[in-house]
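Numbering (our numbering), first residue to last: 105 to 323.
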């Protein structure tokens, strides 16, 4: 097995509340990505392979990082995010649970959404909770099985689920993890004989200087 580094995409179009409208980097998201790429290069970080999902914000973040690798970035739809906005709309229409309008409401909303989703109480969604969990388990296993260190650009929900499948998180812990993940944060798994072990969570070394701390974002 190989070391796997997951990176959440840069800040997206956070003022939009649709799947397509959200899916592009803001100016700050581009800057966060470039800063992370510079940090990797300055620290001598070398990746044998780079992967990203098919979403625009994934591809733009990978472009901004511009990691030096022997080959092209592998685009894999299994690395795409869960459809939060579509599921939130379904939760509102089917169960009367309002779509959140600020972070405090979002903190209370996410466990409700995930619980309804896990229990199969959201009709018309494109992917079940079990299917999402299975594809995350599969793609992380496949990438870890490759040769050399891997960089993976994806989304916060997928990173949270990767932690669930490697650490056995329950729904409350999964939600707390997802809510904590910052834009362009770095998360690392190290291979052990018994499987992958989390060795780094939510690191933003490229955003820790005083002049960049205001560039630390969650949404």
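The beta-carbon is built from N, C-alpha and C at its ideal position, and this holds for glycine as well.
In this text, all values refer to a predicted model and were calculated from it rather than measured experimentally.
Which full runs of the beta strand (DSSP E) of 3+ residues lie inside the segment 125-177, going along the chain? 153-156
Exposure of residue 296, with buried meaning 16 or more beta-carbon neighbours within 10 Å: exposed
From residue 201 to residue 223, what distance separates their C-alpha atoms? Residue 201 and residue 223: Cα-Cα distance of roughly 16 Å.
State the CB to CB distance for the pair residue 128 and residue 161, rounded to an integer number of angstroms; the pair is presumed to be in contact (CB under 8 Å). 6 Å
For residue 139, which residues in the same chain have their Cβ closer than 6 Å to its Cβ, ignoring the five residues on either side in sequence? 310
Residue 304 versus residue 292: straight-line alpha-carbon distance, rounded: 5 Å
Within the chosen definition, does the segment 190-209 reach the segment 144-156 through at least 3 CB pairs nearer than 8 Å? no
Spatial neighbours of residue 269 in its chain, beta-carbon cut-off 8 Å, leaving aside the 5 residues before and after: 237, 240, 241 and 244
Look at the alpha carbon of residue 308 and the alpha carbon of residue 317, and state the distance between them as a whole number of angstroms. Cα to Cα, the separation comes out at about 10 Å.
Pull the bridge partners of residue 294 from the DSSP assignment, please. 301
Exposed or buried, what is residue 169 when buried is set at 16 or more other beta-carbons lying within 10 Å of its beta-carbon? buried
CA-to-CA distance, residue 301 to residue 288, given in whole angstroms: 21 Å
When the Cα of residue 247 is compared with those of 284, 154, 314 and 220, which residue comes out closest? Residue 154 is the option with its Cα nearest to residue 247.
C-beta contact flag for residue 218 and residue 279 at 8 Å: yes
What do you reckon, are the CB atoms on residue 266 and residue 106 nearer than 8 Å? Result no, Cβ atoms of residue 266 and residue 106 do not sit closer than 8 Å.
Under the three-state reduction of DSSP, which class applies to residue 269: helix, strand or coil? helix
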